Amino acid sequence: MEFALFCTRVNVVILLLALCSPCKFIQSPMEFGPLNNFLQTSSTASVDFGRINFNFPAAVLRPESIKDISLLLSFLSASSSSKVSVAARGAGHSIHGQAQAQDGIVIEMESLPSAIEIHKIKEDEDDGVSYADVSGGVLWIELLEETLKQGLAPRSWTDYLYLSIGGTLSNAGISGQTFKHGPQISNVLQLDVVTGKGELVTCSPTKNTELFNAVLGGLGQFGIITRARILLQDAPQKVKWVRAFYNDFQTFMEDQELLVSMADKVDYVEGFLVLNEKSLHSSSIAFPANLDNLLPHLQPSKIHYCIEFAIHDDSSSSSTVQQVVEEISRMLRYMPTQMYSVEVSYFDFLNRVRLEELSLRKRNMWDVPHPWMNMFVPKQGITDFKDLLMESISAQNFEGLILIYPLLRDKWDTNTSALLPESGGSEKVVYVVGVLRSANPTTCSTKCLNEILRSHSHIAQTAGEERIGARQYLAHHPSPAHWRRHFGRRWDRFAARKARFDPLCLLSPGQGIFPRALPSLKFS
């Protein structure tokens, strides 16, 4: 073990000497000397789901242990001349190169041992909770599969499960359960983090609290999550999955807010726009119900809306799930007869986007540019935002999905680094809007893609002004000055955390928040 650690240290020293050398003999891919087993080339390190930015690293680290990560960052933070930066890459699902490192080092977290340890509370225990200790590079789908074997599951999810634990916790992690349980970062009990100084720290709400809060939603700026303790709940066997269709935006929004006020009955709520018949079919691949009866009711050139909600089938409940659905349906104001419901397994419901992925792959529409835009919008500005958005979109030609659904502010911990828009007085609701479009290379050229990106930039900038007051989620900004405006009054705390946990700004250069810093030289 000591010899292996010595070899690792030697490898890191050689790496630093090579990266800091004025001679550019390290290129990507790199093949030389004793680093072959420590650093390997990777065809994925400069590519992400967005396929918009392609920043090539000088090297890729595939760590075999957390110590490899700690050692690398320790040496880099102690170097007096290196300008090398480091990005941790999970599943590579970022949009604008956030997990890339131009001429730096990308750490591929999937190479860490995939450890999942489940602690299930015993029936005779009066207190305590069930939880899972899981490596940061593990995917949420893997955690779901393991926890279901013991009748458990995490409480809060993302729509797509083939994302890494560390990746979503570095942002927030949201889906239709967020109104009830908060984002994924509100369901973490403990973390192991390697800071930008190379220190391996265990943190929680009661231990090393500042680091814990900084890392959650911290965009990878303060440390690399190597292990997380995730809160679990009892998993239902089945889910009642319901969709109701609307032709009026205000009614659509009001009914969503009604549903999220019934957390004792409803377990999941999301809404989306039905722009055309194609968007209806593409959003219904995983929904096993015949929607042909709906088509005659869709008016051409008019936008329609869909609310989908889900209720867990809990056999311990005195009311049947169908009775609950009928009770709720009497309160909603959807288009007459346009409510559809199906019963699916809990696993199939949570993994529903996988079927859409497989369909897109068959059409060669998965590995294409994805100029996505995600926004948090205050309730008071959601109608203005929708109007602003639709001014730039051709409903008949749009390829993708537009999500609009409510979250509850009191489910978010303001001590974390995650950012919601400022509250308008007593507003409890904030909306998430996801413009999840694909740029089909056969119909959308590079010029077309750039026009979409410019349009999204204009929308985000306009919506960020006082009238609407929105903020980007999974944000992308062109300069540190724009990031400062993004954080507003939270900027000072964010910058102070950076100075404390990553003072040389080694981590996550792809975000573009902090330029790489060099240690000050002291002369006696």
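If you count by my numbering, then the sequence shown holds residues 756 to 1279, one letter each, in order. The beta-carbon is built from N, C-alpha and C at its ideal position, and this holds for glycine as well. Please read these numbers as outputs of a predicted model, since none were measured by experiment.
CB-CB under 7 Å to residue i, same chain, minus the five flanking residues each way: which ones, in chain order?
i, result
"Asp-1165", "Lys-1183"
"Leu-1049", "Phe-1000, Gln-1093"
"Ile-940", "Leu-924, Ala-927, Gly-928, Leu-971, Gly-972, Thr-1171, Ala-1173"
"Ala-969", "Phe-977, Ser-1172, Arg-1252, Phe-1256"
"Ile-1137", "Met-1008, Tyr-1186"
"Val-1076", "Lys-995, Ile-1066, Asp-1068"
"Phe-809", "Ser-801, Val-802"
"Lys-726", "Past the boundaries of the shown model lies residue 726; the chain is included only from 756 to 1279, so the question cannot be answered."
"Gly-937", "Ser-911, Lys-1166, Trp-1167"
"Ser-1178", "Arg-1164"
DSSP on residue i, reduced to helix/strand/coil?
i, result
"Lys-1253", "helix"
"Pro-777", "Its pLDDT being 42, under 50, Pro-777 is placed unreliably in this model, and the value from its coordinates should be taken loosely. Coil at Pro-777, not helix or strand."
"Leu-790", "Interpretation of Leu-790 is limited by its pLDDT of 37, a score under 50 that renders its predicted location unreliable; no figure is taken from the coordinates."
"Pro-1270", "coil"
"Leu-827", "helix"
"Tyr-1228", "strand"
"Asn-968", "helix"
"Leu-1113", "helix"
"Arg-844", "strand"
"Gln-855", "coil"
"His-1350", "Only positions 756 to 1279 of the chain appear in this structure, which leaves residue 1350 out of reach."
"Tyr-1095", "strand"
"Glu-863", "strand"
"Leu-1259", "coil"
"Ala-1215", "helix"
"Phe-1131", "strand"
"Leu-1208", "helix"
"Val-1079", "helix"
"Gly-1304", "Residue 1304 is absent from the structure shown; the chain starts at 756 and stops at 1279."
"Ser-832", "helix"
"Arg-817", "coil"
"Pro-784", "A caution first: Pro-784 carries a pLDDT of 37, below 50, which makes its placement in the model too unreliable to give a value."
"Phe-1118", "Before going further, note that residue 1118 is Arg rather than Phe in the sequence given. DSSP places Arg-1118 in coil when its eight states are reduced to three."
"Pro-1264", "helix"
"Val-1108", "helix"
"Arg-1240", "helix"
"Ser-1100", "strand"
"Asp-989", "strand"
"Arg-1248", "helix"
Return the chain-ordered list of same chain residues with a C-beta closer than 6 Å to the C-beta of residue i, the five sequence neighbours on each side being excluded.
i, result
"His-848", "Phe-804, Leu-918"
"Leu-1014", "Val-1021, Val-1024, Phe-1064"
"Gln-1151", "Asn-1031"
"Ala-735", "Here the chain has residues from 756 to 1279 only, and residue 735 is not among them."
"Ile-1223", "Gly-1136, Asp-1139, Phe-1140"
"His-1231", "His-851"
So residue i packs on residue j, CB below 8 Å; how close in whole Å?
i, j, result
"Pro-868", "Ser-832", "So it is not a contact: roughly 25 Å between Cβ atoms."
"Leu-946", "Phe-977", "Incorrect: roughly 11 Å between the Cβ atoms, too far for contact."
"Asn-942", "Ile-985", "6 Å"
"Ile-1040", "Glu-1154", "So it is not a contact: roughly 14 Å between Cβ atoms."
"Pro-1264", "Ala-846", "Incorrect: roughly 19 Å between the Cβ atoms, too far for contact."
"Ile-876", "Ile-824", "About 32 Å; that fails the 8 Å criterion."
"Ala-1225", "Pro-1176", "6 Å"
"Met-1130", "Gln-1005", "Wrong, their Cβ atoms sit about 19 Å apart, outside the cutoff."
"Ile-1159", "Leu-1028", "7 Å"
"Leu-1156", "Ser-1034", "7 Å"
To which residues of the same chain is residue i closer than 8 Å at the C-beta, ignoring the five residues directly before and after it?
i, result
"Leu-916", "Leu-894, Trp-895, Ile-896, Leu-899, Leu-1105, Asn-1106, Val-1108, Arg-1109"
"His-874", "Ser-885, Tyr-886, Ala-887, Asp-888"
"Gln-988", "Ser-885, Leu-907, Ala-908, Pro-909, Arg-910"
"Val-1080", "Lys-995, Val-997, Ile-1066, Ser-1096"
"Phe-1242", "Leu-1174, Phe-1249"
"Ala-1282", "Look at the range of the chain in this structure, 756 to 1279, and you will see that residue 1282 is not part of it."
Between the stretch 947 to 958 and the stretch 1225 to 1237, do at least 3 Cβ pairs fall closer than 8 Å? Contact between the stretch 947 to 958 and the stretch 1225 to 1237 is absent, because fewer than three Cβ pairs lie under 8 Å.
What alpha helix (DSSP H) runs, 4 residues minimum, are completely inside the stretch 1136 to 1206? List check, alpha helix (DSSP H) in window: 1137 to 1145.
Touching or not, the stretch 1049 to 1067 and the stretch 1189 to 1208, by the rule of three or more beta carbon pairs under 8 Å? These segments do not touch.
Pick out the complete beta strand (DSSP E) segments inside the stretch 995 to 1069, 3 residues or longer, and give them in chain order. Listed in chain order, the complete beta strand (DSSP E) runs (minimum 3 residues) inside the stretch 995 to 1069 are 1023 to 1029, 1059 to 1068.
Using 8 Å as the cut-off, can you tell me whether the stretch 984 to 995 makes contact with the stretch 1085 to 1104, which would need three or more C-beta pairs spanning the two stretches below that distance? Under the three-pair Cβ rule at 8 Å, the stretch 984 to 995 counts as touching the stretch 1085 to 1104.
Would you call the stretch 808 to 818 and the stretch 863 to 877 touching, i.e. three or more CB-CB distances under 8 Å? Here the stretch 808 to 818 lies against the stretch 863 to 877, with 3 or more beta-carbon pairs under 8 Å apart.
Any chance you could list the beta strand (DSSP E) runs of at least 3 consecutive residues sitting entirely within the stretch 903 to 954, in chain order? If you keep only unbroken beta strand (DSSP E) runs of at least 3 residues inside the stretch 903 to 954, you get 907 to 909, 943 to 950.
Do the stretch 1117 to 1130 and the stretch 1201 to 1220 make contact, defined as three or more Cβ pairs closer than 8 Å? The stretch 1117 to 1130 is in contact with the stretch 1201 to 1220.
Can you list, in chain order, the stretches of the alpha helix (DSSP H) that have 4 or more residues and sit fully within the stretch 874 to 905? Restricted to the stretch 874 to 905, the alpha helix (DSSP H) segments that are unbroken, complete and at least 4 residues in length are 895 to 903, listed in chain order.
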